[in-house]
Structure formats: structure tokens, C-alpha cells
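K.L.:
Letter 61 of the sequence shown, counting from 1, is numbered 61 in full-length UniProt numbering, and no numbers are missing. For every residue, glycine included, the Cβ atom is placed at its ideal position computed from N, Cα and C. Got a structure here, written out as C-alpha cells. Questions coming.
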Amino acid sequence: MTSPVNVTVTGAAGQIGYALLFRIASGQMLGTDTPVRLRLLEIPQGVKAAEGTAMELDDCAFPLLAGIDIFDDPTAAFEGTNVALLVGARPRGPGMERGDLLEANGGIFKPQGQAINAGAADDVRVLVVGNPANTNALIAASNAPDVPKDRFTAMTRLDHNRALTQVAKRAGVPVSEVRKVTIWGNHSATQYPDIFHADVAGTPGAQLAQDREWLEGTFIPTVAKRGAAIIDARGASSAASAANAAIDHVRDWVLGTPEGDWTSAGVVSDGSYGVPTGLISSFPVVSRGGSWEIVQGLELSDFSRGRVDASVAELQEERQAVEELGLV
Ligand code: NAD
Ligand code: LMR
Numbered sequence: 001m002t003s004p005v006n007v008t009v010t011g012a013a014g015q016i017g018y019a020l021l022f023r024i025a026s027g028q029m030l031g032t033d034t035p036v037r038l039r040l041l042e043i044p045q046g047v048k049a050a051e052g053t054a055m056e057l058d059d060c061a062f063p064l065l066a067g068i069d070i071f072d073d074p075t076a077a078f079e080g081t082n083v084a085l086l087v088g089a090r091p092r093g094p095g096m097e098r099g100d101l102l103e104a105n106g107g108i109f110k111p112q113g114q115a116i117n118a119g120a121a122d123d124v125r126v127l128v129v130g131n132p133a134n135t136n137a138l139i140a141a142s143n144a145p146d147v148p149k150d151r152f153t154a155m156t157r158l159d160h161n162r163a164l165t166q167v168a169k170r171a172g173v174p175v176s177e178v179r180k181v182t183i184w185g186n187h188s189a190t191q192y193p194d195i196f197h198a199d200v201a202g203t204p205g206a207q208l209a210q211d212r213e214w215l216e217g218t219f220i221p222t223v224a225k226r227g228a229a230i231i232d233a234r235g236a237s238s239a240a241s242a243a244n245a246a247i248d249h250v251r252d253w254v255l256g257t258p259e260g261d262w263t264s265a266g267v268v269s270d271g272s273y274g275v276p277t278g279l280i281s282s283f284p285v286v287s288r289g290g291s292w293e294i295v296q297g298l299e300l301s302d303f304s305r306g307r308v309d310a311s312v313a314e315l316q317e318e319r320q321a322v323e324e325l326g327l328v
């Protein structure tokens with residue numbers, strides 16, 4: 001058996017943390033041959049609840065769980081970490097503007113980026129889940145100058161999974177038969193779920209997309225506004241599905257994406273598809289040899305181009321806002 005992988009989870013006492021930690025410890029994220037050592041980061045008020053979760057993890061007697069440490073200091077929490085899941089973030093409160101949220105989260109993701117830079121393992125891989133995920137990832141990456149930028153990613157896998165199910169339901173096929181769906185842009189209501197290159201049980205996604213009323217009136221808004229619909233229905237934001245998506249993202253990143261398919265992730269742009277270099281934007285991606293690669297050569301119609309550009313414009317505005325706050 002290999003030596004344990006250090007996995008740091010921030011916001012460990014939150015609802016996503018509770019849905020995530022047991023799956024990591026049972027081997028669902030890194031594989032059933034890989035032991036893990038959990039490093040949980042919370043704010044001081046969250047430490048007691050994190051200790052309770054650690055007691056429950058112990059009580060599961062997971063054979064792969066090599067240890068659990070709990071911290072309220074980011075520098076200590078990211079020491080030696082190989083996989084960092086940045087879940088803890090300040091949610092938007094009443095009367096808060098986008099700029100206030102970006103500023104509040106800058107207070108979280110700037111020091112966390114610095115701590116990753118200072119002490120994480122050379123192979124560190126970072127997934128930002130806490131919202132606004134793309135721009136929080138940009139803040140963390142900008143404050144970790146010694147870590148390659150492509151090690152910082154933002155989660156759009158939940159949007160991707162949501163899109164797969166909506167397409168499968170529409171076509172009346174199992175979700176496993178839907179491939180090559182893409183989420184472009186920001187993890188926000190401006191995101192563009194794209195089925196034009198999809199394969200739906202052998203039928204081109206473009207054929208489904210011919211029903212413009214369904215595409216523009218049902219499919220795209222259902223996927224893009226699903227987060228708000230869950231909050232409305234549950235009275236709390238998505239947690240188990242978000243944790244599931246985080247597991248999917250890291251598993252595919254480390255172990256590789258299946259042949260003949262791709263997935264979606266917020267990765268640093270190299271200028272592909274006209275997305276400004278350096279933005280963390282969602283693209284169609286495959287993982288080979290432990291690195292994400294942006295799928296190249298897809299043709300975008302004027303309709304798709306307009307949707308991608310609108311979401312990327314929002315990312316540029318967010319980047320400008322955090323530049324003005326001195327966070328990147
Ligand atoms: P939650 O409020 O239940 O838990 C958040 C936890 O983070 C709390 O325990 C809090 O104490 C902790 N925390 C706050 N600041 C911290 C810091 N500086 N360091 C460490 N821990 C800190 O929230 P949740 O439901 O678990 O959601 C967490 C985040 O994930 C939110 O920002 C939410 O909007 C986001 N989210 C993203 C996606 C996505 O698809 N990208 C999906 C669902 C939720
Ligand atoms: C989600 O997509 O479920 C989360 O990002 C929650 C939200 O605020 O939309």
C-alpha cells in the first residue's frame with residue numbers, strides 16, 4: 001500500500017464538509033488502494049463541530065483513514081498537503097453586494113493561497129468549491145506564486161452533472177449514455193451549459209438543441225439556476241450533490257477521465273476559445289497523467305459564442321473587482 005495522501009478540507013464542519021469527509025475517508029475520491037490523512041480547517045467557532053465529525057469518522061473504522069488533524073490556522077492546515085478542497089467560504093448575507101462578498105472572501109482565499117504557497121507539497125492540487133468559486137480560485141492562485149497556476153481549479157462539475165441528468169431525462173436515456181456535455185464560463189447563473197457537441201445515446205446533441213424553446217426556455221435556465229432552486233426547496237444550498245461533484249472532480253483529475261468523454265472544470269485559461277489568459281473559467285477538459293487539458297477544436301456557433309462571451313465578461317468584471325481590492 002502507498003503512503004497516505006494528505007487531504008486538507010476547509011469548512012470541514014459545514015454541510016458540504018459533512019457530506020464529503022466520509023466519502024474521502026472510504027476511498028471514493030482517491031481510490032481504494034490509497035490511504036488518506038485528513039487535515040480539517042475551520043474558523044475557531046467551527047472547531048468543536050469539526051471535532052465531532054472527526055469522532056464520527058473514527059467510529060467508521062475506515063481502513064484507509066490514516067489520521068485526522070484539526071486546525072484553525074491555514075498555515076498549519078496546508079503544511080504538506082497534496083489535495084486541498086477549499087469549501088469554507090462566507091455566504092452572501094442580507095444587503096451584501098457582489099463586491100462585499102468578493103472582499104469578504106478575499107480575506108479567506110488570500111491567506112489560504114499564501115499558506116498553500118508556503119507549505120503545501122510539490123504536487124498539490126487545489127479545488128475551490130466556496131463561492132464565488134472561479135474568482136476565489138483566482139485569488140488563491142495569485143497569492144501562491146510558486147505553485148503552477150494549473151494546480152488551482154474551480155468546481156463546475158456540479159453544473160456538468162446537473163446538465164447530464166437534464167439531457168438524459170429529456171432524451172429518455174440512462175445518464176450513462178450522455179457524453180461530451182460542456183459547462184462554459186462562471187459557476188453562476190451566466191454559465192453556458194452546451195449540448196451542441198454532446199453524444200446522447202448515439203444521437204448528436206445538436207439534434208436535441210434544434211428544439212430552441214426547450215434549449216433556451218427550459219434546459220439552460222434549469223441548469224444555470226439549479227443552485228437557487230435547491231436553496232428555495234431545501235432552505236439550504238446543495239450539499240450532498242456538491243460533495244459528490246467534488247469527489248468526481250478530484251478523482252478524475254488524479255486518476256484520469258474515461259476515454260471517449262470529457263468533463264467540465266474551472267481551469268486557468270491559456271487563451272483557448274478566446275477566453276482571456278489567466279481567468280479561471282469552465283471549459284471542456286480531459287485529465288491525462290494527472291493534469292487537466294482543455295479539449296481543443298470545438299466549433300462554436302454564434303449562439304454559443306454569445307453565451308460563452310457573456311459568462312466570460314462576468315468573470316472579467318469579477319477579476320477587475322478583486323484587482324481593485326488588491327487581492328490578486
Ligand atoms: P456551510 O455554511 O454549511 O459551511 C461552511 C463552513 O465553512 C462553516 O463551517 C464555516 O465555519 C467554515 N468557514 C468559514 N470561513 C472559513 C475559513 N476562513 N476557513 C475555514 N473554514 C471556514 O456552507 P456549505 O453549504 O458547506 O457551502 C460551502 C460553500 O460552498 C459556500 O460558499 C457555497 O456557496 C459553496 N457551494 C459551491 C458549489 C459549487 O458548485 N461550486 C455548490 C454548493 C455550494
Ligand atoms: C450551487 O450551485 O448549488 C451552489 O453554488 C449554491 C448557489 O448559491 O447557487
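From ARG251, LEU315, GLU299, pick the residue whose C-alpha is nearest to that of TRP292; which is it?
P.N.:
Nearest option by C-alpha distance: ARG251.
K.L.:
Flag this pair as yes or no: are the beta carbons of VAL129 and ALA246 separated by less than 8 angstroms?
P.N.:
yes
K.L.:
If you follow the alpha helix (DSSP H) that ASP309 is part of, which residue opens it and which one closes it?
P.N.:
302 to 324
K.L.:
Considering only C-alpha positions, which residue in the set ILE280, VAL285, ARG226 is nearest to TRP253?
P.N.:
When only C-alpha atoms are compared, the closest one is VAL285.
K.L.:
For a quick check, are the C-beta atoms of THR75 and GLY119 less than 8 angstroms apart?
P.N.:
yes
K.L.:
Beta-carbon within less than 6 angstroms of ALA133's beta-carbon, same chain only, minus the 5 sequence neighbours each way: which residues are those?
P.N.:
ALA154, MET155, HIS187
K.L.:
Looking only at its own chain, which residues have a Cβ that is under 6 angstroms from the Cβ of ASP146, when we skip the five neighbours before and after it?
P.N.:
ASN117
K.L.:
Report, in whole angstroms, the separation of the C-beta atoms of ARG39 and THR8, which I expect to be a contact under 8 angstroms.
P.N.:
4 angstroms
K.L.:
Could you name each continuous alpha helix (DSSP H) segment of 4 residues or more that falls completely within the stretch 155 to 231, going from the start of the chain to the end?
P.N.:
157 to 171, 205 to 208, 220 to 224
K.L.:
Closest to LEU20 by CA distance: which of GLY205, ASP123, GLY106, ALA84 is it?
P.N.:
Residue ALA84 holds the alpha-carbon nearest to the alpha-carbon of LEU20 among GLY205, ASP123, GLY106, ALA84.
K.L.:
Ordered along the chain, which non-local residues of its own chain (more than five positions away) have a Cβ less than 7 angstroms from that of PHE196?
P.N.:
GLY205, ALA206, ALA209, SER301, SER304
K.L.:
Classify MET96: buried if its beta carbon has 16 or more other beta carbons within 10 angstroms, exposed otherwise.
P.N.:
exposed
K.L.:
Where do the N-terminal and C-terminal ends of the alpha helix (DSSP H) with ASN134 fall, by residue?
P.N.:
Residues 133 to 142.
K.L.:
Tell me whether HIS197, by its Cβ, gets closer than 7 angstroms to a heavy atom of the ligand NAD.
P.N.:
Judged by the Cβ position, HIS197 fails to qualify as a neighbour of the ligand NAD at the 7 angstroms threshold, every heavy atom of the ligand being at least this far.
K.L.:
Can you tell me whether ALA228 is buried or exposed? The criterion is at least 16 other CB atoms within 10 Å of its CB, across all chains shown.
P.N.:
exposed
K.L.:
The ligand NAD and LEU158: does the residue's C-beta get closer than 7 angstroms to at least one heavy atom of that ligand?
P.N.:
yes
K.L.:
For the beta strand (DSSP E) that PRO284 lies in, which residues bound it at each end?
P.N.:
280 to 288
K.L.:
Throw me the rounded Cβ distance for the ARG226 and ALA198 pair, which I believe falls under 8 angstroms.
P.N.:
Not quite, the Cβ-Cβ distance comes to about 18 angstroms (not below 8 angstroms), so this is no contact.
K.L.:
Comparing the C-beta of ARG251 with each C-beta of chain D, is any distance below 8 angstroms?
P.N.:
The chain inventory of the structure shown lacks chain D, comprising one protein chain alone.
K.L.:
So, with DSSP's three-state summary, where would you put THR75?
P.N.:
In this structure, THR75 counts as helix in the three-state DSSP scheme.
K.L.:
With the cut-off set at 8 angstroms, would you say ALA239 and GLN28 are in Cβ contact?
P.N.:
no
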